[in-house]
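Colleague:
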Amino acid sequence: MSITIKSASDIEGMRIACRLASEVLDYLEPFVKPGVTTNELDKLCHDYMVNVQQCIPAPLNYAPPGYAPYPKSICTSINHQVCHGIPSDRALKDGDVINVDITTIKDGWHGDTSRMFAVGKSVSIAAKRLCALTHEAMWHGIMQVKPGARLGDIGQAIQRFAEGNGLSVVREFCGHGIGLEFHEDPQVLHYGKAGTGELLRPGMVFTIEPMINAGKREIKDSGDGWTIITKDRSLSAQWEHTVVVTDVGFEVLTLSAGSPPIPPFAKAKS
Ligand code: MF3
Ligand code: CO
Ligand code: CO
């Protein structure tokens, strides 16, 4: 596959799918409380996407080569789970942190975004710090996006910020081009060297979705075919936005009324 350049009307389609994905998270937030099961969160999101937004949950039955079809409509990754956590009858506990990852398909266009949520009132300072710093790390990556920059600029910005704060960056999963396909070229690494990699051009659309661990960067399969966990069982956090390269910089497509505040260092430019 090669990198597709989206037209103005393609980007209009992406804006709609991406806003819907973010609005699913807005809708879900009040339900993310101690006692709720991740299956209940899955059903709430599924029904909202299908019945209210009239879009398709992209994860359901998604089957990339080598994977069994994904059985649910969202991903829910708790504590030391890194990504692709499968909703189940597990109930959330006070003190958990959870990533909810939503991908919508509307009129063929995909919108992909995830956020961290703190469950209840006893989330540790360390877990809150990890979630906040991972959000900032994503924005440091987003800030690099402009025509003429390179993918390595994004990776380096994220890696430098994360490692500078004593955290580690997961290497095995990355951001990705997105559009009429869920996962398109290019791969957007969350580590690397500035000045290397693909040149960014207006109309490129991709996700930035760093997975950052409190401990070591190594991960492993949990055994269910999808869920990835940290090898050392340390906490892991992830945030994801879908962005488009504009003529002058970037536009974040996966924003909505309930998106968390943009960090001050990014606010002026976005
Ligand atoms: N939404 C994830 C991403 O950001 C992919 C999930 S694939 C699934 O790329 F099948 F697990 F849903
Ligand atoms: Co993604
Ligand atoms: Co995603």
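According to the working numbering, the stretch in the sequence shown is residues 47 to 316, in order. For glycine and all other residues, C-beta sits at the position ideal for the given N, C-alpha and C.
Does the stretch 234-251 come into contact with the stretch 75-89, if we say contact requires no fewer than three beta-carbon pairs (one atom in each stretch) closer than 8 Å?
Modeller: No: fewer than three Cβ pairs fall under 8 Å.
Colleague: Comparing the CB of histidine 222 with every heavy atom of ligand 1, is any distance shorter than 7 Å?
Modeller: yes
Colleague: Given a cut-off of 8 Å on the beta-carbon distance, is the pair leucine 176 and alanine 283 in contact?
Modeller: yes
Colleague: From glutamate 227 to glutamine 99, what does the alpha carbon distance come to, in whole angstroms?
Modeller: 20 Å
Colleague: Looking only at its chain, what residues have a beta carbon closer than 6 Å to the beta carbon of tyrosine 108, apart from the 5 residues adjacent to it on each side?
Modeller: Correct list, in chain order: Tyr116.
Colleague: Would DSSP call histidine 222 helix, strand or coil?
Modeller: Strand at histidine 222.
Colleague: Nearest to histidine 181 by CA position, among Pro105, Phe163 and Val169, is which residue?
Modeller: Closest option to histidine 181, Cα to Cα, is Phe163.
Colleague: Is it true that the CB of methionine 95 sits closer than 8 Å to the CB of threonine 50?
Modeller: no
Colleague: By the three-class DSSP mapping on this structure, what secondary structure does isoleucine 102 have?
Modeller: strand
Colleague: Which value, in whole angstroms, describes the spacing of the CA atoms of glycine 154 and arginine 61?
Modeller: 12 Å
Colleague: Do you know offhand how far threonine 276's Cα is from valine 143's?
Modeller: 14 Å
Colleague: Going by DSSP in three states, isoleucine 200 sits in which element: helix, strand or coil?
Modeller: Isoleucine 200 falls in the helix class under three-state DSSP.
Colleague: In whole angstroms, what is the alpha-carbon distance linking asparagine 145 and methionine 250?
Modeller: 26 Å
Colleague: DSSP beta-bridge partners for methionine 257?
Modeller: DSSP output for methionine 257 lists Gln284 as bridge partner(s).
Colleague: What residues are listed by DSSP as bridge partners for arginine 161?
Modeller: Val146
Colleague: For the stretch 287-307 and the stretch 251-259, state whether three or more C-beta atom pairs, one from each stretch, are separated by less than 8 Å.
Modeller: yes
Colleague: Report all residues from its chain with a CB closer than 8 Å to the CB of glycine 271; omit the five preceding and five following residues, and keep chain order.
Modeller: Tyr113 and Ala114
Colleague: Quick one: what's got a C-beta closer than 8 Å to leucine 87's C-beta in the same chain, skipping five residues either side?
Modeller: Here the set comprises Leu74, Phe77, Val78, Ile120, Thr122, Pro133 and Val146.
Colleague: DSSP puts lysine 139 in a beta bridge; with which residues?
Modeller: None; lysine 139 has no bridge partner.
Colleague: Skipping 5 residues on each side, what residues in its chain have a beta carbon closer than 7 Å to that of valine 169?
Modeller: Gly141 and Val143
Colleague: Would DSSP call phenylalanine 228 helix, strand or coil?
Modeller: If DSSP states are grouped into helix, strand and coil, phenylalanine 228 belongs with coil.
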